[in-house]
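Asks:
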Amino acid sequence: MPTPPASISEAESHVMEVLWRQSPLSSEQIVAAVQKHSDWHEKTIRTLLNRLLSKQAVEASRDGRRYLYSPLLSRAQWQSQESRSLLDRVFGGRVAPLLAHFSQHEKLSAKDVAELRKLIDSIERKER
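Numbering of the sequence shown is given in the UniProt record's numbering, commencing with residue 1 and proceeding in unit increments.
#1: Measure from the alpha carbon of Tyr67 to the alpha carbon of each residue in Ala6, Leu53, Ile8, then state which is nearest.
#2: As a quick exercise: from Lys111, Gln81, Ser13, pick the residue whose alpha carbon is nearest that of Ser38.
#3: How should Pro97 be labelled, buried or exposed, when 16 other C-beta atoms within 10 angstroms of its C-beta is the threshold for buried?
#4: From the DSSP output, in three-state form, read off Ala32 for me.
#5: Less than 8 Å between the C-beta atoms of Ala57 and Ile8, yes or no?
#6: Cutting at 8 Å between CB atoms, please list the residues of its own chain near Glu42, excluding the five before and the five after it.
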């Protein structure tokens with residue numbers, strides 16, 4: 001049975017975002033891309049990259065004198081893991097209370113409501 005992907009921190013997700021957009025990349029390219037949107041030091045970004053390596057969320061392949069990094073954890077896997085974690089921790093594993101919370105405390109646009117209706121209709125059709 002395969003082991004589930006390791007949980008990645010919010011800071012590590014910034015490095016992953018860079019790799020999900022484009023890979024493989026060298027550590028220098030990753031540092032430059034992350035620094036475009038943050039004031040993090042190079043050492044911090046390299047530490048995050050090494051953590052992701054040890055968690056097996058990314059892999060490194062040798063390219064001459066440098067390494068190129070690619071994601072092993074897909075964006076879809078991460079989204080599934082994070083959404084499940086949120087549902088379990090905050091809403092007892094149930095989607096309905098999450099939607100109730102957003103409908104009461106956040107603005108749902110008419111477009112959001114229409115998309116939710118379509119999704120519910122689609123789920124109901126599959127269950128028949």
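Every residue gets a Cβ at the ideal spot worked out from N, C-alpha and C, and that includes glycine.
Treat the numbers as computed from the prediction; the structure is a model and nothing was measured.
Replies: So, to answer that:
#1: Leu53
#2: Out of Lys111, Gln81, Ser13, Ser13 has the C-alpha closest to the C-alpha of Ser38.
#3: Exposed: under 16 other Cβ atoms inside 10 Å.
#4: helix
#5: Yes. Within cutoff.
#6: Val31, Gln35
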